[in-house]
Amino acid sequence: MKNNNLNVLLCDISHDTTALANEVFPLNIGLVGAYLKKQLGNNINLELCKFIIEIEEFIKNKHYDIIAFSNYPWNLHAGIALSKLAKKINPNVLTVFGGPNFPYADKEQIVFLNKYPEIDAYVFQGGELPFANMTETLLEIEPKFRKKFIKNNKLPGIVAINDSGERIYGGLLTEEKDLDFIPSPYLTGLLDKFFLDRRLSPMIQTNRGCPFSCTFCQEGQEYFNKVRRHSLKFVQEELNYIK
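Quick note: the sequence shown uses my numbering, first residue 94, plus one each step.
Written out as structure tokens, the structure is:
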């Protein structure tokens with residue numbers, strides 16, 4: 094059975110009680126969302142969120158097929174708590190995490206995902222291509238079967254634990270050298286709502302990767318050794334939009 098569209102919520106959680114944990118626009122999920130819209134267009138309905146209260150309201154009042162969370166040391170447990178809430182309301186929702194707060198060793202990934210069973214799938218390393226590929230695949234699958242499919246089929250860039258407790262990973266998806274294949278989340282309007290919050294500052298990405306292999310840095314891994322860039326024209330258009 095083919096589903097005409099999917100409702101997707103992308104979350105880059107920042108605590109905002111005593112102070113903001115992260116005072117910039119959620120560029121990470123903006124880039125994921127911009128590429129997702131480029132690939133799937135009207136087949137998805139997309140929301141981007143940064144703060145817990147807003148995310149909680151969306152989860153309680155709207156139906157989502159996929160809820161995805163960026164994963165950093167400061168927001169992992171908030172994402173897990175919101176995943177529990179989402180699954181309580183909609184058992185068929187697929188909760189996906191991605192980001193640098195994830196082990197590289199296979200056995201450690203298994204330990205991590207077993208510790209946090211609320212995570213149905215983890216986008217490992219590059220984010221835009223694997224997430225869009227996974228979402229497009231799910232368009233063809235009925236909601237009640239999506240979780241089982243993700244956990245028992247190898248999808249590029251996606252790590253999961255199957256029904257037998259084994260690690261399932263579909264391997265890397267290589268990005269193009271020219272980063273302009275990812276549309277600007279500013280020029281597409283995905284980040285417009287965050288201009289309304291005067292606490293937040295816009296941020297852009299001019300390049301990815303680093304030729305060095307520093308052990309203390311997430312980009313010291315071999316995957317990030319190749320530097321990829323946006324064109325000067327791309328960066329200029331974003332800066333002109335922001336100003």
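Ideal placement from N, C-alpha and C gives every residue a C-beta, glycine not left out.
Note that the structure is a prediction, hence the values are computed from the model and not measured.
Query: With DSSP as the reference, label Ser306 as helix, strand or coil.; Result: coil
Query: To which residues does DSSP link Thr188 through a beta bridge?; Result: Ile160
Query: Give every residue of the same chain whose Cβ lies closer than 6 angstroms to the Cβ of Asp158, excluding the five residues on either side of it in the sequence, and list them in chain order.; Result: Leu99 and Asn100
Query: Once DSSP output is grouped into helix, strand and coil, what is the label at Glu140?; Result: strand
Query: Hey, would you say Thr228 sits closer than 9 angstroms to Leu129, going by beta carbons?; Result: yes
Query: Residues in its own chain within less than 7 angstroms of Pro166 by CB, not counting five upstream and five downstream?; Result: Asn194
Query: By alpha-carbon positions, which one of Thr230, Ile106 and Lys143 ends up nearest to Ile137?; Result: Thr230
Query: Is the Cβ-Cβ distance between Pro276 and Lys143 less than 9 angstroms?; Result: no
Query: Considering Val320, what are the terminal residues of the alpha helix (DSSP H) in which it resides?; Result: That residue, Val320, is in no alpha helix (DSSP H); it is neither H nor E in DSSP.
Query: Any idea if Cys307 is buried or exposed, counting beta-carbon neighbours within 10 angstroms, 16 or more meaning buried?; Result: exposed
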